[in-house]
Structure formats: structure tokens, C-alpha cells
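Going down the list, the protein sequences come from chains A and B. All residue numbers for the first sequence refer to the working numbering, where the first residue is 1 and numbers rise by one. All residue numbers for the second sequence refer to the working numbering, where the first residue is 117 and numbers rise by one. All residues carry an ideal CB built from backbone N, CA and C; glycine is no exception. No experiment lies behind these values; they were computed from the predicted model shown.
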Amino acid sequence: DGGITQSPKYLFRKEGQNVTLSCEQNLNHDAMYWYRQDPGQGLRLIYYSQIVNDFQKGDIAEGYSVSREKKESFPLTVTSAQKNPTAFYLCASKKTSGTGGSDEQFFGPGTRLTVL
Amino acid sequence: SQKIEQNSEALNIQEGKTATLTCNYTNYSPAYLQWYRQDPGRGPVFLLLIRENEKEKRKERLKVTFDTTLKQSLFHITASQPADSATYLCALEAGTASKLTFGTGTRLQVTL
Numbered sequence: 001d002g003g004i005t006q007s008p009k010y011l012f013r014k015e016g017q018n019v020t021l022s023c024e025q026n027l028n029h030d031a032m033y034w035y036r037q038d039p040g041q042g043l044r045l046i047y048y049s050q051i052v053n054d055f056q057k058g059d060i061a062e063g064y065s066v067s068r069e070k071k072e073s074f075p076l077t078v079t080s081a082q083k084n085p086t087a088f089y090l091c092a093s094k095k096t097s098g099t100g101g102s103d104e105q106f107f108g109p110g111t112r113l114t115v116l
Numbered sequence: 117s118q119k120i121e122q123n124s125e126a127l128n129i130q131e132g133k134t135a136t137l138t139c140n141y142t143n144y145s146p147a148y149l150q151w152y153r154q155d156p157g158r159g160p161v162f163l164l165l166i167r168e169n170e171k172e173k174r175k176e177r178l179k180v181t182f183d184t185t186l187k188q189s190l191f192h193i194t195a196s197q198p199a200d201s202a203t204y205l206c207a208l209e210a211g212t213a214s215k216l217t218f219g220t221g222t223r224l225q226v227t228l
């Protein structure tokens, strides 16, 4: 089955620690995205990548980092510089980059990160 | 600044009735508008896309309208069922080639 997987589903971290969230897709999609969702809030874009070895900052990139070394994978690192990292993190992909809103985004199941 | 507004209050309706959700936007000129469904603790799922030159789009019990003059989209679910209970998000392309901006979503609760 094609789709997007995120792991782990739940993640706990101590303050001051970096943590990496995994996102893998086997849909052969070019574009991938990371969003953050807080309770009662919409999705806010952290980073996105339209092609391998290239990525751009979204609206709330501070305290986060990403890499896109393979088409299938787009891991997100939450660094200790992120002031309020507790949130629900969603990864998404889209078939074609550069097509704006004309293509649907496919979402993974999400990772809930809690900082203790 | 650009803004997308969805009613933050939950919409409660009776089974069988038509649910209507609203998405208003300001300082955008989107060519496309999308609607997604999100269940608690899960990722959003795409439902419908409508283009700026389309007034209406239908898919089974779902209907979306897009009024670029009013800067508004309406999302209708006819003959609603308890299984339709979820949060519904609208999303607009964000002015560059590859980004969407999402509204905060409206929670729909369909009761028997």
C-alpha cells in the first residue's frame, strides 16, 4: 500500500534535548511538508521541500531543522532552541512541486511530541 | 495581512440535515481552494478542490462553492450522518508555487 508513515506516534523529550521525527513516503511524490498543530489551531507550516537536496523555511521554522537527502524521506529535528515544542506534528507530501493549490496534499498519521 | 477564518465554534446538527461550513479569507487571491477532513489525533484527509473559475463542485453528498467576490467558500454536507462528525479545514494556496495556508477548522457534530 502506498502512503506516508510517521514515527513514532508518541514521543517524549526532556527539555534541552534535540529529537528527530521521521517521515517516509512511497508515493513517489516530489514535494514534502512539515506542519505543526496546536490544540484548537490550524496547521502551521514549518519547512517544505520541492525536490531532493533542497528545502525552504515555512512560517515557523525557528528552532527546527530538516534534510531531504532522499526523495522518500524528510526528517524533522526539533532542537533545544524551539521554545515551545509540545505539539502534534504532521508530515505531508504532494505529487508535483510548483503546482500550488492545484494538487491535494497527502498527510501522515502524525507524531505527538511532549516535552517533559 | 493574509487571513483565513473558519467558525471556531462547533456546529451541531441533527442527522439527515444539511451541514454548511464557512471559510472566509482576506488579502488573498487564490486560484484554488481545498477542503480537508480531520478526525481527532489523525492527519487531515483531502475532500474537494475548487478552482477560482468554478462556482460549485460536487462529490457524492459534498458540495463546495467558491465566491471570489465575497472571498468566501461554503462547504455543504447533505443528508448528514454521525460518521460525518469531524473537523473540517479549508486551505488556500499561499501566494507562492508550493504552499497551502490552512484555516483553524470547524468541528462538526452530527447527532441522532
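Residue-level contact to chain A via CB, residue i, 8 Å cutoff
i	result
Y148 (chain B)	yes
G221 (chain B)	yes
F182 (chain B)	no
K173 (chain B)	no
F191 (chain B)	no
L216 (chain B)	yes
L186 (chain B)	no
G159 (chain B)	yes
Local Cβ density within 10 Å of residue i, reported as buried at 16 or more and exposed below that
i	result
P39 (chain A)	exposed
D54 (chain A)	exposed
E209 (chain B)	buried
F12 (chain A)	exposed
Y141 (chain B)	buried
G3 (chain A)	exposed
K9 (chain A)	exposed
P198 (chain B)	exposed
K70 (chain A)	exposed
L228 (chain B)	exposed
G108 (chain A)	buried
Below-8 Å beta-carbon distance, residue i vs any chain B residue
i	result
P75 (chain A)	no
G3 (chain A)	no
P39 (chain A)	no
Q25 (chain A)	no
E72 (chain A)	no
Y48 (chain A)	yes
L90 (chain A)	yes
E62 (chain A)	no
A87 (chain A)	no
F107 (chain A)	yes
Short Cβ contact (8 Å threshold) for residue i with residue j
i	j	result
I46 (chain A)	W34 (chain A)	yes
T217 (chain B)	Q122 (chain B)	no
R167 (chain B)	P160 (chain B)	no
G42 (chain A)	G219 (chain B)	yes
V115 (chain A)	T86 (chain A)	yes
G63 (chain A)	A81 (chain A)	yes
L149 (chain B)	Y204 (chain B)	no
Chain-order list of residues whose beta-carbon lies under 6 Å from that of residue i (same chain, five-residue window excluded)
i	result
Q105 (chain A)	A92, K94
Q188 (chain B)	N140
E24 (chain A)	T5, E72, S73
T184 (chain B)	E168
F88 (chain A)	Q37, G110, R112
E172 (chain B)	T181
D155 (chain B)	A202
Contact set for residue i: own chain, Cβ-Cβ below 8 Å, skip 5 residues either direction
i	result
A75 (chain B)	Given that chain B is displayed from residue 117 to residue 228, the structure contains no residue 75 (chain B) and the question cannot be resolved.
N18 (chain A)	T77, V78, T79, S80
N143 (chain B)	S117, Q118, K119
P75 (chain A)	T20, L21, S22, C23, V66, S67
Cβ shell of residue i (< 7 Å), same chain only, five flanking positions each side left out
i	result
F113 (chain B)	This structure cannot settle anything about residue 113 (chain B), because the visible part of chain B is limited to 117 through 228.
Original post:
Which ranges would you report for the beta strand (DSSP E) in the stretch 18–48 of chain A if only whole runs of at least 3 residues count?
Top reply: 19–25, 31–37
**OP:** Any chance you could list the alpha helix (DSSP H) runs of at least 4 consecutive residues sitting entirely within the stretch 71–99 of chain A, in chain order?
**Re:** none
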